[in-house]
Amino acid sequence: MKKSKIQFGIIGNPVHHSLSPAMQNAAFKKFKLPYQYKKIKLNETQLKSFFDQLRQSDKAGINITVPHKENVIPFLDELSPEAKLIGAVNTLQLHHGKLIGYNTDGAGYVQSLLKEKKWSPKNKRITLLGAGGAARGIIVALALAGAKEIYISNRTKEKAKKLAQEFQKKLKKTRFDFSSLQAESLRKIFKNTDLLINTTPGGMQGNEILPLPLDQLPQKALVSDIVYKPSQTSLLKAAKKLGLKTQGGLGMLLYQGALAFEIWTGRKAPITLMKKALMKNLA
Ligand code: ATR
């Protein structure tokens, strides 16, 4: 009898730090699914042979992390509408012999807002710090969820401008604008902000983007950081001090994984269990 080939895992470089195996394997175990989710370190030159053998599998579900979220696109047969807009893929599935790419990063972020903070982006004014790959995913998901305005602020202003112009063309229901990270530009914008998101690594050890004029934010504003280590970034600490609501990055990691699990298995993700596995491995 032919042996069934099943492949689940995360490809990237580096991947040793990934918390995805812990949360996905916990979820597979709960449903007694005979899958083993692995860390697969690949450089760019190894992608072709990886995808050649992936196509020979009977079942496959793969997450993609840095630096391959864009590199994998030429190897896929189809992209979800979100992945197409974002221009990057973090999840793929082998479905009836076809490789289909998705992006659950942004949708995972929006899910974490909805589930953990009971906060919906609909008709909200959002200020986003950063203009890299993480920003792209979050911007698309927020716009598709009905955000009224998205203000992109970036250290390199030109990149913020390019992003705002690109998405204004593609996502017409949301109004886009941009600025540098200069406190002077941010003061006015912060006054009209319902949600402030940091998508830059500023806030990780010794990599500060503060001072930001956080005191200009309305008292009801939510401040969120997609960095999950440390769980309390310098941005979140400063926001808390001002009495603002805050959200760390663990929720995004959890819900992007939960959405990937649902794509692969068609089952509802066991959120509490997956979160426990994440927390255990983070500690
Ligand atoms: P990712 O895919 O995680 O978003 P990226 O594409 O390298 O990573 O983007 C990193 C973003 O963080 C960029 O917007 C970068 O600003 P620049 O466009 O000016 O490079 C921003 N960034 C990185 N370090 C920063 C810091 N210390 N302060 C402010 N912004 C920073």
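Under my numbering, the first residue of the sequence shown carries the number -3, and numbering increases by one thereafter.
We put the beta carbon where it would ideally sit given N, CA and C, even for glycine.
How close, in whole Å, do the beta carbons of residue 170 and residue 127 come, if the pair is a contact with beta carbons under 8 Å? Between residue 127 and residue 170 the Cβ distance is about 16 Å, and since that is not below 8 Å, they are no contact.
Looking only at C-alpha atoms, which of 172, 63, 145 sits nearest to residue 158? 172
Roughly how many angstroms lie between the CA atoms of residue 213 and residue 121, to the nearest whole one? 12 Å
Buried or exposed: residue 101, going by 16 or more other Cβ atoms within 10 Å of its Cβ? buried
Look up residue 34 in the DSSP assignment and give the residues it is bridged to. 5
From residue 27 to residue 6, what does the alpha carbon distance come to, in whole angstroms? 20 Å
Please list, in chain order, all residues of the same chain as residue 109 whose beta carbon is under 6 Å from its beta carbon, the five residues on each side excluded. 115
Inter-residue Cα distance where the pair is residue 67 and residue 239: 42 Å
Give me whichever residues DSSP pairs with residue 173 in a beta bridge. 147
Measure the alpha-carbon distance for residue 338 versus residue 30 and round it to whole angstroms. A question about residue 338 goes unanswered here, because the residues of the chain that appear run from -3 up to 279.
For residue 260, which residues of its own chain have a beta-carbon under 7 Å away from its beta-carbon, when the five flanking residues on both sides are left out? 57, 89
Tell me, please, which residues DSSP counts as bridged to residue 133. Answer is none; residue 133 lacks a bridge partner.
Selection from 93, 245, 230 that minimises the alpha carbon distance to residue 224: 245
My understanding is that residue 274 touches residue 23, with C-beta atoms under 8 Å, so please give their C-beta distance in whole angstroms. Actually they are not in contact, since the Cβ atoms of residue 274 and residue 23 sit about 11 Å apart, beyond 8 Å.
Assign residue 240 to one of three DSSP states: helix, strand, or coil. coil
What are the start and end residues of each continuous alpha helix (DSSP H) run of 4 or more residues lying completely inside the stretch 68 to 105, in chain order? 77 to 82
Can you tell me whether residue 106 is buried or exposed, with buried defined as 16 or more other CB within 10 angstroms of its CB? buried
Figure out for me which residue from 103, 3, 161 has the closest Cα to the Cα of residue 142. 103
What residue range is occupied by the uninterrupted beta strand (DSSP E) comprising residue 189? From DSSP, residue 189 is part of no beta strand (DSSP E); its letter is neither H nor E.
Please confirm whether any heavy atom of ligand 1 lies closer than 6 Å to the CB of residue 99. no
Between the beta-carbon of residue 269 and the beta-carbon of residue 194, is there less than 7 Å? no
For residue 247, the first and last residue of its enclosing alpha helix (DSSP H): 246 to 261
Local Cβ density within 10 Å of residue 263, reported as buried at 16 or more and exposed below that: exposed
Name the two residues that bound the continuous alpha helix (DSSP H) containing residue 48. 43 to 50
Just checking residue 198 against ligand 1 - is the residue's beta carbon closer than 6 Å to any of the ligand's heavy atoms? yes
Which partner residues does residue 59 have in the DSSP bridge list? 6, 87
DSSP three-state call for residue 16: helix, strand or coil? helix
Is residue 126 near ligand 1, in the sense that its beta carbon is under 6 Å from a heavy atom of that ligand? yes
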